[in-house]
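Student: Protein chains in written order, with this note's numbering: chain A, 648 to 962; chain B, 45 to 472; chain C, 178 to 454.
One structure, as structure tokens, below. Some questions next.
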Amino acid sequence: MSTSSLTTRHPNQILVERLIRAILFSCSAVAIFITVGIVASLIFEAALFFQSVSIFEFLFGTEWSPQTALREDQVGASGRFGAVPLFVGTGLISTVALCVSAPLGIFSAIYLAEYASDGVRSFVKPLLEILAGIPTVVYGFFAAIVIAPAISDFGKVVGLEVAYESALAAGLVMGVMIIPLISSISDDIIKAVPDSLREGSRGLGATKSETIRRVVLPAALPGIAGGILLATSRAIGETMIVVMAAGLAANLTFNPLEAVTTVTVQIVVLLTGDQEFDSPKTLAAFALGLALFCVTLVLNVVGSQIVKKFREQYD
Amino acid sequence: MTERKSPGSLSSSAMPGVVERHRGEERFKFLGLAAILVSLSFLAFFLVSIIGTGYGAFLQTALKVEVDLTYDSLGLVEPATEEDIANIRYRSIVRSAMRDIITEDVGRREARTLYGMLGAAAEFDLRDIVVEQPQLIGTVASLWLTSSDDVDLYNKGDASEASQLQTRLSEKQQEWYATLEAQGRIKTRFNWTFLTSSDSRDPEVAGVYGAMIGSFFALGVCLLLSCVVGVLAAVYLEEFAARNRWTQFLEININNLAAVPSITFGLLGLAIFLGFFGLPRSASLVGGMVLALMTLPTVIISSRVALQAVAPSIREAAFGIGASRVQAVFHHVVPLAMPGILTGVILGMARALGETAPLLMIGMIAFIADPPSTLTQPASALPVQVYLWADSPERGFAEKTAGAILVLLVFLLLMNLMAVILRRKFEK
Amino acid sequence: MLENKLIQPLNVSYSSDEAGSERADEAAKIVASGVNVSYAGRPAITNVNLNIRSKAVTALIGPSGCGKTTFLRCINRMNDLIETCQVSGSITLDNEDVYGDDVDVVVLRRRIGMVFQKPNPFPKSIFENVAYGPRIHGQANKGDDLNEIVERSLIRAGLWDEVKDRLDAPATGLSGGQQQRLCIARAIAVEPDVILMDEPCSALDPIATARIEELIDDLKTKYTIVIVTHSMQQAARVSQRTAFFHLGELVEENEAKVIFTNPSDDRTRAYVTGSIG
Numbered sequence: 648m649s650t651s652s653l654t655t656r657h658p659n660q661i662l663v664e665r666l667i668r669a670i671l672f673s674c675s676a677v678a679i680f681i682t683v684g685i686v687a688s689l690i691f692e693a694a695l696f697f698q699s700v701s702i703f704e705f706l707f708g709t710e711w712s713p714q715t716a717l718r719e720d721q722v723g724a725s726g727r728f729g730a731v732p733l734f735v736g737t738g739l740i741s742t743v744a745l746c747v748s749a750p751l752g753i754f755s756a757i758y759l760a761e762y763a764s765d766g767v768r769s770f771v772k773p774l775l776e777i778l779a780g781i782p783t784v785v786y787g788f789f790a791a792i793v794i795a796p797a798i799s800d801f802g803k804v805v806g807l808e809v810a811y812e813s814a815l816a817a818g819l820v821m822g823v824m825i826i827p828l829i830s831s832i833s834d835d836i837i838k839a840v841p842d843s844l845r846e847g848s849r850g851l852g853a854t855k856s857e858t859i860r861r862v863v864l865p866a867a868l869p870g871i872a873g874g875i876l877l878a879t880s881r882a883i884g885e886t887m888i889v890v891m892a893a894g895l896a897a898n899l900t901f902n903p904l905e906a907v908t909t910v911t912v913q914i915v916v917l918l919t920g921d922q923e924f925d926s927p928k929t930l931a932a933f934a935l936g937l938a939l940f941c942v943t944l945v946l947n948v949v950g951s952q953i954v955k956k957f958r959e960q961y962d
Numbered sequence: 045m046t047e048r049k050s051p052g053s054l055s056s057s058a059m060p061g062v063v064e065r066h067r068g069e070e071r072f073k074f075l076g077l078a079a080i081l082v083s084l085s086f087l088a089f090f091l092v093s094i095i096g097t098g099y100g101a102f103l104q105t106a107l108k109v110e111v112d113l114t115y116d117s118l119g120l121v122e123p124a125t126e127e128d129i130a131n132i133r134y135r136s137i138v139r140s141a142m143r144d145i146i147t148e149d150v151g152r153r154e155a156r157t158l159y160g161m162l163g164a165a166a167e168f169d170l171r172d173i174v175v176e177q178p179q180l181i182g183t184v185a186s187l188w189l190t191s192s193d194d195v196d197l198y199n200k201g202d203a204s205e206a207s208q209l210q211t212r213l214s215e216k217q218q219e220w221y222a223t224l225e226a227q228g229r230i231k232t233r234f235n236w237t238f239l240t241s242s243d244s245r246d247p248e249v250a251g252v253y254g255a256m257i258g259s260f261f262a263l264g265v266c267l268l269l270s271c272v273v274g275v276l277a278a279v280y281l282e283e284f285a286a287r288n289r290w291t292q293f294l295e296i297n298i299n300n301l302a303a304v305p306s307i308t309f310g311l312l313g314l315a316i317f318l319g320f321f322g323l324p325r326s327a328s329l330v331g332g333m334v335l336a337l338m339t340l341p342t343v344i345i346s347s348r349v350a351l352q353a354v355a356p357s358i359r360e361a362a363f364g365i366g367a368s369r370v371q372a373v374f375h376h377v378v379p380l381a382m383p384g385i386l387t388g389v390i391l392g393m394a395r396a397l398g399e400t401a402p403l404l405m406i407g408m409i410a411f412i413a414d415p416p417s418t419l420t421q422p423a424s425a426l427p428v429q430v431y432l433w434a435d436s437p438e439r440g441f442a443e444k445t446a447g448a449i450l451v452l453l454v455f456l457l458l459m460n461l462m463a464v465i466l467r468r469k470f471e472k
Numbered sequence: 178m179l180e181n182k183l184i185q186p187l188n189v190s191y192s193s194d195e196a197g198s199e200r201a202d203e204a205a206k207i208v209a210s211g212v213n214v215s216y217a218g219r220p221a222i223t224n225v226n227l228n229i230r231s232k233a234v235t236a237l238i239g240p241s242g243c244g245k246t247t248f249l250r251c252i253n254r255m256n257d258l259i260e261t262c263q264v265s266g267s268i269t270l271d272n273e274d275v276y277g278d279d280v281d282v283v284v285l286r287r288r289i290g291m292v293f294q295k296p297n298p299f300p301k302s303i304f305e306n307v308a309y310g311p312r313i314h315g316q317a318n319k320g321d322d323l324n325e326i327v328e329r330s331l332i333r334a335g336l337w338d339e340v341k342d343r344l345d346a347p348a349t350g351l352s353g354g355q356q357q358r359l360c361i362a363r364a365i366a367v368e369p370d371v372i373l374m375d376e377p378c379s380a381l382d383p384i385a386t387a388r389i390e391e392l393i394d395d396l397k398t399k400y401t402i403v404i405v406t407h408s409m410q411q412a413a414r415v416s417q418r419t420a421f422f423h424l425g426e427l428v429e430e431n432e433a434k435v436i437f438t439n440p441s442d443d444r445t446r447a448y449v450t451g452s453i454g
């Protein structure tokens, strides 16, 4: 048998290499399996749910009371699964959160990117990042024990009736949690705006803040908007803060001083009580999970595409 | 004297509105600074209030009592066997010790409130002491025993009127407390119980040990799975995969997974691990698996960054001496990228340690009084413990909750410090 | 703005027979004396003395890294933006020290405009780009005044005919040469006395370059222009006076014709004949 001297690797060695490649490949495919698993399990359970509750009622119904009959022979005690109050509640709390985090995050980013010295920057950035590293359950505790009573008491002082589990309290604390996310994306984006634009503006006699307000920020706006979409997705999917600080009862309102409940709160409530696996109550959690997954996925894809496009634009 | 036009034609006054514009400049800069200060003051306020509430959890109040352990009063015969010691009725010993201190005549109902000042924790204390030091039997020992939760809160609370009003001690008990204090029978000591015992219905004996073990088990599982799979996946994507649609799809997929709400992974775990595979509820094994799913994308992304940072010349050098791709990657590239990979893994683990929502989904929400000894036993976890205690109406638990948060934050701090040190080393 | 009677006479001994320099008694618009600049302690230019003539084009030439751009950016204090930059000596505009204590860079830069190496239109519409300066300086905020300024500036920059139908189109959609002319329009919209140009054609193709050069020639009737260029041909084509920088020093300044045909310094000769640089 004549093999060329260039192909004399031991066949076992080649086999081992192939095997290793196969293992590596399958590890990377795990990521796909996870996605498939999420989508499949959500769709499967949600489909079971939609056999007993119409998808139309779920998406557009305005009454949410998932208590189902305790005994099978009970009449008229079937739950109502109109998720609109949950969607509205989620939106309300997320809006409060963004109202807190967007201005604070963006202005922090402006200061860090445009004004702060390197020393201040290297000191403040990690401090802000701590806010993102604190577990959400801790924020939840803080919201429920410190912020919510404080807001409620303050309301009494000024003569406003503020629910103890107001959307305001949960949203406020959630906003604090999101500040670093917005500030770090905005900081990146602002830094990516080319210096030539700043020079052009300064060269015309604009002050630094005029340059930032009229040139840098308008140029950075699309990127920052992408970052805010990502932050929105984070707010919508946040669970522990709202579980601990928001309400449990579905309340269709746009008033942030009232208690509202959210999609994630209801998922937790539906799945942590006594449960049968196949009751509509349990399955409803998966339908909510599916809605949550779809909305956050769209926000993430769109948001990260915008941010990516923005970076490429000035590369 | 130099001839100067005053004010100069280049000064601020030469152009209308410029002074106001400079003021606007200061205002704008101040806004930025204010945003940072507000954000950081949230952080400061937050830490101060957690530490302010939580430090008390690490302190406990002890009362000094003379415990009559003579054979006569125990009704035992010398020498006491181990069985004897186990059968001692500690509760009545503790009670009579209290009766010895407060000598005034009290009725039955009042006596009960007197005994209430030394609760279940005191009995456990006494038992532990006697088991450890059997030589005490036959003597009258002067011992410090843990007070009840109410006395503890009364002691730790400041003497202000508000906290006096809030206390659950009766007036009589407050009187006794004053007597005990005057006799120097009250002290505050470090609360080891909090770190060595597990959850309990009684705040004074409740601790985080069981939750810490549960978290440790879950993190172990998570580390093993996400580290192995994540690093290998990153190696594949970075070093082996061809740049084609499939890898692009994989990348987008991984990036999106990293941003999926954590509760979704809990739903996946509930449907697949519990519903489909029938794994046990509340087990740290399943908890770890769910956390692994969640951290996997983060680990893959950070490992890829670490691999990208390895200079291409290293690979070329390895190829140059005849190494195969597998050899080049595993002998040369991966070891060099290891500190960076580890940094990412540790940060991923830190995130997993603080995560609560997915664990609730797979049933890690039950009251668990004992630390788990296997991966499949029902277990709690630190953040879940925080959630459970935060929900508890008993006042003593507010302090314990903040205490558990402090324990959690210390662990997170240590993990982040490790990551920072590794990164420093990596940058060198 | 304010006329100054204490204008230092230029110590020019050459006769100015060049077409662009009609008057014999040209005024010095900008006078630099003893200018030193260092970045983080490292000297970039040393002891530069230069008079820049009013309503003429002065070209700064020299090999890269010779300090010509550094000098240019001292004139409107753009170097202030670099923290480590230290400037000493004096530069006067109409006999008033640019680095004086009460000088406001906003006012200074309104009077000394700048055009950069790479066209840097703002990511806004063509109209908004030109209107930017007048707006921030409050010269015109709305309506007809602003329209008029924008139109006049674009006409003067030779861009009007090409863009008058799409003033609302994004400026980034223009070609490189158009973008650079837009930047010139943007600079002249605030009615400066001086326009500094930092290699304005280095990113452009020859045809666009030719248009900008023509424009510069037109503009000199109204503005004092200082242009940094790495192209000797360009300097010869557009400038009346040329200054040669080498290793942070101003070697020689004279009528463009003299610099390119009969320089007095050997280094200048070596550069213009192509043996250094």
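Every residue gets a Cβ at the ideal spot worked out from N, C-alpha and C, and that includes glycine.
Just so we're clear, the structure is a prediction, and the values are computed from it rather than from any experiment.
With H, G and I counted as helix, E and B as strand and the rest as coil, what does DSSP make of B/F470?
Tutor: The answer is helix: DSSP assigns B/F470 an H, G or I state.
Student: Around the C-beta of B/Q104, are 16 or more other C-beta atoms found within 10 angstroms, so that it is buried, or is it exposed?
Tutor: buried
Student: Please identify the residue among B/G310, B/E283, B/T445, B/L466 whose C-alpha is closest to the C-alpha of A/I667.
Tutor: B/E283
Student: Within its chain, find whatever has a CB closer than 7 Å to the CB of A/A590; leave out the 5 residues flanking it on each side and keep chain order.
Tutor: Lying before the first or after the last residue shown, residue 590 of chain A is absent from chain A, which here runs from 648 to 962.
Student: For C/R388, which residues in the same chain have their Cβ closer than 8 Å to its Cβ, ignoring the five residues on either side in sequence?
Tutor: So the qualifying residues of the chain are G335, G354, R358.
Student: Of all the residues that make up the stretch 240 to 255 of chain B, which are near chain A by a beta-carbon distance shorter than 8 Å?
Tutor: none
Student: Any beta-carbon of chain C closer than 9 Å to the one on A/G766?
Tutor: No, A/G766 does not count as interfacial toward chain C.
Student: Does the separation of the CB atoms of B/F234 and B/V252 fall below 9 Å?
Tutor: Taking 9 Å as the Cβ cut-off, B/F234 and B/V252 do not qualify as a contacting pair.
Student: The beta strand (DSSP E) spanning C/Q263 covers which residue range?
Tutor: 262 to 270
Student: Quick one: does A/I740 have its CB under 9 Å from some CB of chain B?
Tutor: no
Student: Just list the alpha helix (DSSP H) runs in the stretch 725 to 774 of chain A, keeping only unbroken ones of 4 residues or longer that don't cross its boundaries, in chain order.
Tutor: Note on the stretch 725 to 774 of chain A: whole alpha helix (DSSP H) runs with a minimum of 4 residues are 731 to 757, in chain order.
Student: Within 10 Å of its beta-carbon, does C/G451 have 16 or more other beta-carbons around it, so buried, or fewer, so exposed?
Tutor: Looking at its Cβ environment, which holds fewer than 16 other Cβ atoms inside 10 Å, C/G451 is exposed.
Student: What are the boundary residues of the beta strand (DSSP E) that C/I404 is part of?
Tutor: 401 to 405
Student: With DSSP as the reference, label A/A797 as helix, strand or coil.
Tutor: Helix.
Student: Using a Cβ-Cβ distance under 9 Å, would B/A58 count as near chain C?
Tutor: yes
Student: Give me, in chain order, the residues of the same chain whose beta-carbon lies closer than 7 Å to that of C/D322; leave out the 5 immediate sequence neighbours on both sides.
Tutor: none
Student: Kindly indicate which three-state DSSP category C/L183 falls into: helix, strand or coil?
Tutor: Here the model assigns C/L183 a pLDDT of 37, short of 50, so the residue's position is not dependable and the matter cannot be decided.
Student: I'd like to check one pair, A/P782 with B/L456: are the Cβ atoms closer than 9 Å?
Tutor: yes
Student: Determine the burial state of C/G425: buried for a count of at least 16 other Cβ atoms within 10 Å of its Cβ, exposed for fewer.
Tutor: buried
Student: Identify, in the order they occur along the chain, each residue of the same chain with its Cβ nearer than 7 Å to the Cβ of B/R63, setting aside the five sequence neighbours on each side.
Tutor: The sequence given here places Val at residue 63 of chain B; Arg does not occur at that position. S56, listed in sequence order.
Student: Would DSSP call B/H376 helix, strand or coil?
Tutor: helix
Student: Over what stretch of residues does the beta strand (DSSP E) that includes B/P341 continue unbroken?
Tutor: Where B/P341 is concerned, there is no enclosing beta strand (DSSP E), although the alpha helix (DSSP H) around it starts and stops at 328 to 352.
Student: Using a beta-carbon distance below 9 Å, is B/T308 in contact with chain A?
Tutor: yes
Student: Among the residues of its own chain, which have a CB less than 8 Å from the CB of C/P300, if the five just before and after it don't count?
Tutor: P347, A348, T349
Student: What does B/H66 reach in chain A if we use C-beta pairs closer than 8 Å?
Tutor: T854
Student: Can you say whether B/A434 is buried or exposed, counting buried as having 16 or more other CB atoms within 10 angstroms of its CB?
Tutor: buried
Student: Give me the subset of the stretch 769 to 782 of chain A whose CB atoms are less than 8 Å from a CB atom of chain B, sorted by chain position.
Tutor: Going along the stretch 769 to 782 of chain A in chain order, one finds V771, L774, L775, I777, L778, G780, I781, P782 with a Cβ nearer than 8 Å to chain B.
Student: Are the C-beta atoms of C/E328 and some chain B residue less than 9 Å apart?
Tutor: no
Student: What are the boundary residues of the beta strand (DSSP E) that A/T900 is part of?
Tutor: Run containing A/T900: none; DSSP gives neither H nor E here.
Student: With C-beta atoms as the reference, is A/T858 less than 9 Å away from A/V890?
Tutor: no
Student: With a threshold of 8 Å on Cβ separation, who are the neighbours of B/V349 within its own chain once the five nearest residues in sequence on each side are excluded?
Tutor: G384, G388
Student: Since A/S843 meets chain C, which of its residues come closer than 8 Å, beta carbon to beta carbon?
Tutor: F293, K295, N297
Student: Once you ignore the five residues that flank B/I390 on each side, which residues in its own chain have a CB closer than 6 Å to its CB?
Tutor: M459, M462, A463
Student: For B/R233, which of helix, strand or coil comes out of DSSP?
Tutor: strand
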